[in-house]
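Have a look at the structure below, then the notes.
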Amino acid sequence: MAAVAPAVPARTKRLRRRRQWLSTLGTAARTGRGKLGIGLASVVVLIAAIGPFVTPYPTSQFVALDYSAPSSHFLLGTDYLGYDVLSRVLDGGWIMLVMALCATAFGLIVGGVAGISAAYLRGKADALIMRAVDVILAFPQLVFALLLVSIIGPKLWLIVLAVGFSHAPAVARVLRSATLDISERDFVKSVELQGVKPARVMWSEILPNLMSPLMVEAGLRLTYSIVVMAGLNFLGFGPPPPAPNWGIMIWENLDGRTTNPWAVVVPAALIALLTIGTNTFTDAVARVAIGVDRRPEVAALLEDIGLRPSTEPA
11 MAAVAPAVPA RTKRLRRRRQ WLSTLGTAAR TGRGKLGIGL ASVVVLIAAI
61 GPFVTPYPTS QFVALDYSAP SSHFLLGTDY LGYDVLSRVL DGGWIMLVMA
111 LCATAFGLIV GGVAGISAAY LRGKADALIM RAVDVILAFP QLVFALLLVS
161 IIGPKLWLIV LAVGFSHAPA VARVLRSATL DISERDFVKS VELQGVKPAR
211 VMWSEILPNL MSPLMVEAGL RLTYSIVVMA GLNFLGFGPP PPAPNWGIMI
261 WENLDGRTTN PWAVVVPAAL IALLTIGTNT FTDAVARVAI GVDRRPEVAA
311 LLEDIGLRPS TEPA
């Protein structure tokens, strides 16, 4: 009689899956694109994290005339109220970063639950969830966030929820496509035959096999969150004045950009570097994910969301 292979414990399978996606991230970080992306994003993150502790002046203290040129005392000059631009730049990024991370996490959770549930449960649940997704997708992200904020008010928690909720439909569509294939695999069917509840099957068997597209979606949605958050702050939907914020600084100092352009250029450049760095690292993860996980549905998903890498070496 043929020997029967021993069953692999659930803990061992989880460790293997965790090592796989950690290996994917590590490999991506060692590529040229990965190093460039991490380098750019790390510089901005360090400025946002350490900046509040090294500001040369209080961020809401009048130090000189408005739009004063850079000098030895004020390296980036002053803004429209005579506040030190360097101090406000150093203290103005951490709130936006935290909000972008929270919005991304919320969007991934809501979108992931919706997409996996729709694909696995099928039938009426699938139709109901995907029709709701189609309705939300009809609104551009910034317009959808502005709609919610204008109805309830510019509260920080609401901005996070609005931006995160605007990510959920795109995440749901990507993960639904992947789940449709994975839910038909033999290992999923064998678990179903044991009478395991659908929620447990989706959590323990399907979700761990979606890490490749999920990692790519996380980086992509974080990039979008940063852009949307900066746009909302630019429009005045952010921390109330005089709290410093990169997006608000651009809007506040537009009139003085010819006198002291640094009050606009520096925060705009930091937002751009963070966006470019995040997007570049996401592209590196997409390239490695296709190389590590050669399942055709993963490659198709990455191509659908615009992250199908070329055949050129990284």
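Those letters in the sequence shown? Residues 11 to 324, by the working numbering. Virtual Cβ for every residue (Gly too), placed ideally from N, Cα, C. Remember, it's a predicted structure, so these values are computed and weren't measured experimentally.
| Query | Result |
| --- | --- |
| Endpoints, alpha helix (DSSP H) assigned at tyrosine 130 | 104-131 |
| Histidine 83, buried or exposed, once every other Cβ within 10 Å from all chains shown has been counted against 16 | exposed |
| Beta-carbon contacts of threonine 321 that lie in its chain and below 7 Å, excluding the five residues immediately before and after | A caution first: threonine 321 carries a pLDDT of 43, below 50, which makes its placement in the model too unreliable to give a value. |
| 8 Å contact criterion, which alanine 182 and glycine 125 should meet: CB distance rounded | 4 Å |
| Three-state secondary structure assigned by DSSP to aspartate 136 | helix |
| Assigned exposure category for proline 254 - 16 Cβ within 10 Å defines buried | buried |
| Distance, valine 143 Cα to asparagine 243 Cα | 26 Å |
| Buried or exposed by the 16-neighbour rule on C-beta atoms within 10 Å, applied to tryptophan 213 | exposed |
| heavy atom of the ligand GDP below 7 Å from alanine 74 C-beta | Of the ligands one can find in the structure shown there are none, so the ligand GDP has no counterpart to examine. |
| Contact under 8 Å by Cβ, valine 170 with phenylalanine 116 | yes |
| Limits of the unbroken alpha helix (DSSP H) element including serine 193 | Looking at the DSSP string, serine 193 is not in any alpha helix (DSSP H), and its letter there is neither H nor E. |
| Nearest candidate by alpha-carbon position, reference phenylalanine 154, set Phe175, Leu138 and Gly163 | Phe175 |
| Sub-8 Å separation of threonine 285 and isoleucine 236 beta-carbons | yes |
| Cβ shell of leucine 6 (< 6 Å), same chain only, five flanking positions each side left out | The requested residue 6 is not part of the displayed model; the chain covers only 11 to 324. |
| Any 3 or more C-beta pairs closer than 8 Å across the region 43-61 and the region 91-103 | yes |
| Neighbourhood of isoleucine 139 by C-beta, 6 Å cutoff - its chain only, sequence neighbours within 5 removed | Ala124 and Ala128 |
| Stretch pair the region 35-46 + the region 74-81: three plus CB contacts closer than 8 Å | no |
| Phenylalanine 154 - containing alpha helix (DSSP H), residue span | 151-162 |
| Beta carbon of tryptophan 261 nearer than 8 Å to that of glycine 246 | yes |
| Residues bridged to aspartate 9 [DSSP beta-bridge criterion] | An answer regarding residue 9 cannot be provided, because it is not within the stretch 11 to 324 covered by the chain. |
| Nearest residue (CA-CA) to serine 200, options Ser33, Val211 and Asp191 | Val211 |
| Option nearest valine 184 by Cα separation, candidates Leu111, Ala135, Leu35 and Glu227 | Glu227 |
| N-terminal and C-terminal residue of the alpha helix (DSSP H) that valine 226 is part of | 221-244 |
| Element boundaries [alpha helix (DSSP H), containing leucine 256] | Looking at the sequence provided, one finds tryptophan at residue 256 rather than leucine. Its alpha helix (DSSP H) spans residues 256-262. |
| Leucine 52 - containing alpha helix (DSSP H), residue span | Just to set this straight, residue 52 is serine in the shown sequence, not leucine. Per DSSP, serine 52 belongs to the alpha helix (DSSP H) from 42-60. |
| Between the CA atoms of glycine 87 and threonine 345 - distance to the nearest angstrom | Here the chain comprises residues numbered 11 to 324, so residue 345 is not present and cannot be evaluated. |
| Own chain residues within Cβ distance below 6 Å of aspartate 136, not counting five before or after | Ala128 |
| Burial state of serine 33, where buried means 16 or more other Cβ atoms lie within 10 Å | exposed |
| Reference leucine 118; option with closest CA among Ala299, Ile281 and Arg231 | Arg231 |
| Separation of alanine 38 from arginine 297, as counted between CA atoms | 8 Å |
| Where the alpha helix (DSSP H) through arginine 210 begins and ends | 208-211 |
| With 16 other Cβ atoms within 10 Å as the buried cut-off, status of aspartate 89 | buried |
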